[in-house]
Amino acid sequence: MTYTLAELAARVGGEVEGDGAVRLERVRPLEDAGPGDVAFYSNRKYRHAFEVTKASAVIVGRDEKASPGRNLLRAGDAYLAFAKVSTLFHPPLQAMPEIAPEAAVHPTAKVHPSAQVMALACVGPGVEVGARTILHPGVVLEAGSRVGDDCVLYPNTVVREGCLVGNRCILQPGCVVGSDGFGFAFDMAGEEGSGPRHYKVPQSGIAVVEDDVELGANTCVDRATLGRTVVGRGAKVDNLVQIAHNVQVGPLCLLAGQTGIAGSTRLGMGVVCGGQVGIIGHLDIGDGAKFAAQSGVLGDVPPGEVYAGYPAEPVAEWRRNSVHARRLHELVKRVRQLERDLEKLKEGK
Amino acid sequence: MTYTLAELAARVGGEVEGDGAVRLERVRPLEDAGPGDVAFYSNRKYRHAFEVTKASAVIVGRDEKASPGRNLLRAGDAYLAFAKVSTLFHPPLQAMPEIAPEAAVHPTAKVHPSAQVMALACVGPGVEVGARTILHPGVVLEAGSRVGDDCVLYPNTVVREGCLVGNRCILQPGCVVGSDGFGFAFDMAGEEGSGPRHYKVPQSGIAVVEDDVELGANTCVDRATLGRTVVGRGAKVDNLVQIAHNVQVGPLCLLAGQTGIAGSTRLGMGVVCGGQVGIIGHLDIGDGAKFAAQSGVLGDVPPGEVYAGYPAEPVAEWRRNSVHARRLHELVKRVRQLERDLEKLKEGK
Amino acid sequence: MTYTLAELAARVGGEVEGDGAVRLERVRPLEDAGPGDVAFYSNRKYRHAFEVTKASAVIVGRDEKASPGRNLLRAGDAYLAFAKVSTLFHPPLQAMPEIAPEAAVHPTAKVHPSAQVMALACVGPGVEVGARTILHPGVVLEAGSRVGDDCVLYPNTVVREGCLVGNRCILQPGCVVGSDGFGFAFDMAGEEGSGPRHYKVPQSGIAVVEDDVELGANTCVDRATLGRTVVGRGAKVDNLVQIAHNVQVGPLCLLAGQTGIAGSTRLGMGVVCGGQVGIIGHLDIGDGAKFAAQSGVLGDVPPGEVYAGYPAEPVAEWRRNSVHARRLHELVKRVRQLERDLEKLKEGK
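Residue numbers (the working numbering), protein chains in the order written: chain L, 1 to 349; chain G, 1001 to 1349; chain P, 2001 to 2349.
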């Protein structure tokens, strides 16, 4: 597939500056791009690469300054325009309807005839797999789980018994839906006086992944103790994230890599966590709250707030304190000087 | 299975308040429960849900206040009573003795006739699998490993060569026992002068998971460089935890999600780590020590202590300092004021 | 295989002290070692174990003090000597050329005849597997990926479509190469006005793992949005590490467990990250920079620097501030005392 710049602009709702007839064959990064390539520029860090790129066209924001003579696709949201252009050049793979002979599909499972089950995928008893969904090798769907339409489950993902995955979901390799939550009651006496033990609390609930969710590689979503753990519609979760039992992740949340949400915490709509954020259990995080990377959240957070630090606090306060914390040794010197001066003053009396 | 409230109380060692004859069919959360349901209440955050629940009975602590007319199961440890009641309604699945035709079991492996090996599980040469143990699809037991009786290994767990898993262990999906420890010796010269390299230190020891241990989804327990990495009897480990080579996790430890224990560190009995705790290598952590979430532990810790922060310190000190740290900008202002006042005083002389 | 102490010394470039003819059969830890065992000592914490060990010989540094009568193998770099000695006793397993009948190898894949594909491994269309490479059970190589010579891919590792793994690489169980990067453009309008959504940015690049790299268990290396994510020659990566899209990890880097590197960040040669380090996106980290465990890196770092803390700063400054931070409550008291004294002085006037 190739497109003219004008065609691309029309498709993504942008405007052409320069030659709309230039033909584009590929999307490439600024620094590697050459003739026939369309590139993308927005982050100032890469300004030089933008200025010297050999790309035939570049997608930029509406007000971005550019040398004359460049072919540009200008859009109000350049990143979104780039994403759409790139999707034109890289359409998602379509399912090739088939159950591979090396797959293990239980006779009671209902796999939609348009779905694709690759070799060494395993579909358990009573499982339902929707239309056009692709199960890669090593995927395991356990008894009674359901996966909707138009999903892609990459290799070695696991959906445990009774759990639900909606439509248009993408599960990256190795991610786990429905592992047992971490719940134990301390039992001092133990079984027949055998001594103390951690008594396992049955995790008899399920995990629900709603429509349009993406879960990252090796990310874990625990099933609920009772009821449901939910990853809400359109939420996107990065790699190695831990979502504990009974957590409610609201619609459109973004959770970056290695974030952990402890049990029963509720994230509102559109909450954003940077990498390695930790949120303790039983909290209520308001719609649109945002957390800087590595924040440690120990209390409820109102809607729309931006927090940072440990314990996490509003980012303006965190910054103010953080600046002083990095000059703490100077403050100590000033206090010492004050003590000396005051001593002299007293003696001078 | 259904039970009367009186039967449940008798089974778990609690007392009935209200109607002991009420028949219970399910365990459900307070907010979803209705007739026929038994629920559980302990965390004050959910007081309102307790007050308005439609559950036929609620499990509560001995001294919990409740409106008259409620059917209650009172117990000294309400959470433990709940766990036991829930187990009555959700007994663990039993192995259905079978080796699935799609499993790959090496002829030299010894699988107990009462064990269940599901489709696409792989049992290597010389492996031993105990009585009533269940291997889910995608489980890989490598050469010479041993798994005891009454274990459940969920999909895609891996036990590498020679490693040992005890009795009554539960391995959540994707967890790994016996990956190589992270050990390299810097070799400036390299092979035949090929330049610097990290020379791999053979990780020829094993990992041992003792009886009654649970390992979380995608958790990793590295094998020892020499000797053994040990996860002690009855320890419970959450998802995405890293246990490095030669670590000794004592009996009954609780390690919450995304915690990491570096090489050769020894945790005593009953150590508790909140989420995302990090403990550096070669430390000695005393019995019953506890760490707040995200603590960074850089030195030995005596038994029974509660630590927090980075570097981790006794929690009382951490709290005291943490309060001041969040008001650091005020302190800076006070020092500035003092400097000004003192200056005036000097000039006034 | 057994060796005399003199043979071992000759093989690893060390010197014998004591009886070079003593015959050694095994490598064992100091505390477990007995006759026929060679042990290793370097960390002062284990001095006592060194003094009382029953090992027939011990590998130590050139200047290490030792009681007379000990058989020692002295080397300039004792740890490297130990690593080499241990390799003599534990040579890496060799591939046993075979494609197991329970493996699923696509007819268009090119598997070198000297490679070993174990049961339930899956090799997709157009995949190339090099000489003497071993694919353990549950390994999935997706369409068009390539794995070089002399690699070991442990169970359940995944290499997604088009990604490249060099020669002599080791992939620990469950690690993932080529998962989609975490890239979404916020789309306020949504598809045909269906409301806001996160529009997926195609991750059409690849991930490249160069020669002599080791990736830890359940570690994730995302494919690039465009172009390549690269883990450079000889880099060693521990368990549960997140390497985001378009990251460049330089040659010989060492990344300890649970470290996360956000998108497009470039690590120079030989960068070292302690455990649970986080580095935000689009940064430039100089050659040989080092980060203490749990550092949070928010800005570029010059070559050779050692950083710690959050936000990470040069370790000397971090230490200086950290000491004061732990005595912050004392500083507050001193300031209060100053305020009182000054008040008195004013009143005294």
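Every residue, glycine too, gets a C-beta built ideally from N, C-alpha and C.
Note that the coordinates shown come from a computational prediction; the quantities given were computed from them, not determined experimentally.
Asked: Compare the beta carbon distance of residue 2329 of chain P and residue 1324 of chain G with 8 Å and say whether it is the shorter of the two.; Found: yes
Asked: Are the CB atoms of residue 1225 of chain G and residue 1239 of chain G within a distance shorter than 8 Å?; Found: no
Asked: So residue 2184 of chain P contacts chain L; which residues on that side make the cut at Cβ distance below 9 Å?; Found: 83, 214, 236 and 254
Asked: To the nearest angstrom, how far is it from the Cα of residue 20 of chain L to the Cα of residue 73 of chain L?; Found: 9 Å
Asked: Tell me the DSSP bridge mates of residue 2229 of chain P?; Found: P:2207
Asked: Any chance you could list the beta strand (DSSP E) runs of at least 3 consecutive residues sitting entirely within the stretch 2033–2101 of chain P, in chain order?; Found: 2037–2040, 2057–2061 and 2072–2075
Asked: Within 8 Å, do at least three Cβ pairs link the stretch 1091–1101 of chain G to the stretch 1040–1057 of chain G?; Found: no
Asked: Go through its chain and collect everything with a Cβ distance to residue 297 of chain L's Cβ below 6 Å, but skip five positions before and after it.; Found: 279 and 312
Asked: Provide the residue span of the alpha helix (DSSP H) that contains residue 7 of chain L, from first to last.; Found: 5–12
Asked: Going by DSSP, what residue range makes up the beta strand (DSSP E) through residue 2015 of chain P?; Found: 2015–2017
Asked: Spell out whether any CB of chain P is found under 8 Å from the CB atom of residue 1109 of chain G.; Found: no
Asked: Check each residue of the stretch 1142–1164 of chain G: if its Cβ is closer than 8 Å to any Cβ of chain P, include it; give the result in chain order.; Found: 1142, 1156, 1158 and 1160
Asked: With DSSP collapsed to three states, give me the class of residue 197 of chain L.; Found: strand
Asked: Quick check on this structure: which residue in L:223, L:169, L:186 and L:192 has the alpha carbon closest to the alpha carbon of residue 161 of chain L?; Found: L:223
Asked: Considering just the uninterrupted stretch of the beta strand (DSSP E) at residue 1287 of chain G, what are its terminal residues?; Found: No beta strand (DSSP E) contains residue 1287 of chain G, which DSSP labels as neither H nor E.
Asked: Is any beta-carbon of chain L found at less than 8 Å from that of residue 1032 of chain G?; Found: yes
Asked: Within a Cβ cutoff of 6 Å, which residues of the same chain sit near residue 2197 of chain P, ignoring the five residues on either side of it in sequence?; Found: 2187 and 2190
Asked: Where does residue 351 of chain L sit, in a helix, a strand or coil, going by DSSP?; Found: Any answer about residue 351 of chain L is impossible in this case: the structure gives chain L only from 1 up to 349.
Asked: Taking Cβ-Cβ distances shorter than 7 Å, what residues in chain G pair up with residue 2086 of chain P?; Found: 1201, 1202 and 1204
Asked: Is any beta-carbon of chain P found at less than 8 Å from that of residue 1169 of chain G?; Found: no
Asked: To be precise: take each residue of the stretch 1257–1280 of chain G, compare its Cβ to all Cβ atoms of chain P, and keep it if any distance is under 8 Å. Which residues remain?; Found: 1258, 1260, 1262, 1276, 1278 and 1280
Asked: Counting only Cβ pairs nearer than 9 Å, list the residues of chain G close to residue 47 of chain L.; Found: What residue 47 of chain L touches in chain G: nothing, since even the nearest Cβ is about 35 Å away.
Asked: Kindly list the residues whose CB is nearer than 6 Å to the CB of residue 2207 of chain P, restricted to its own chain and excluding five residues on each side of it in sequence; keep chain order.; Found: 2163, 2177, 2178, 2221, 2223 and 2229
Asked: Roughly how many angstroms lie between the CA atoms of residue 15 of chain L and residue 6 of chain L, to the nearest whole one?; Found: 8 Å
Asked: Which of the three DSSP states is assigned to residue 2337 of chain P in this structure?; Found: helix
Asked: At 9 Å on the CB atoms, spell out the chain P contacts of residue 1240 of chain G, in chain order.; Found: 2218, 2240 and 2258
Asked: Could I get the ranges of all uninterrupted beta strand (DSSP E) runs contained in the stretch 111–196 of chain L, with 3 residues as the minimum, in chain order?; Found: 176–179 and 184–187
Asked: Residue 84 of chain L: buried (16+ other C-beta within 10 angstroms of its C-beta) or exposed?; Found: buried
Asked: Quick check on residue 173 of chain L - is its C-beta less than 8 Å from some C-beta in chain G?; Found: no
Asked: Check whether chain L comes within 8 Å of residue 1345 of chain G, counting only Cβ atoms and requiring the distance to be less than that.; Found: yes
Asked: Bridge partners of residue 2236 of chain P, per DSSP?; Found: P:2214 and P:2254
Asked: Among all the DSSP beta bridges, which residues are the ones paired with residue 222 of chain L?; Found: L:179
Asked: Leaving aside the five residues before and after residue 1248 of chain G along the sequence, list all residues of the same chain whose C-beta is less than 6 Å from its C-beta, in chain order.; Found: 1230 and 1266
Asked: Applying the 10 Å Cβ sphere with the 16-neighbour rule, what's the burial state of residue 108 of chain L?; Found: exposed
Asked: Find the nearest neighbour of residue 1250 of chain G within the set G:1135, G:1216, G:1212 and G:1217, judged by alpha-carbon distance.; Found: G:1212
Asked: Quick check: the Cα distance between residue 2316 of chain P and residue 2268 of chain P, rounded to an integer number of angstroms?; Found: 22 Å
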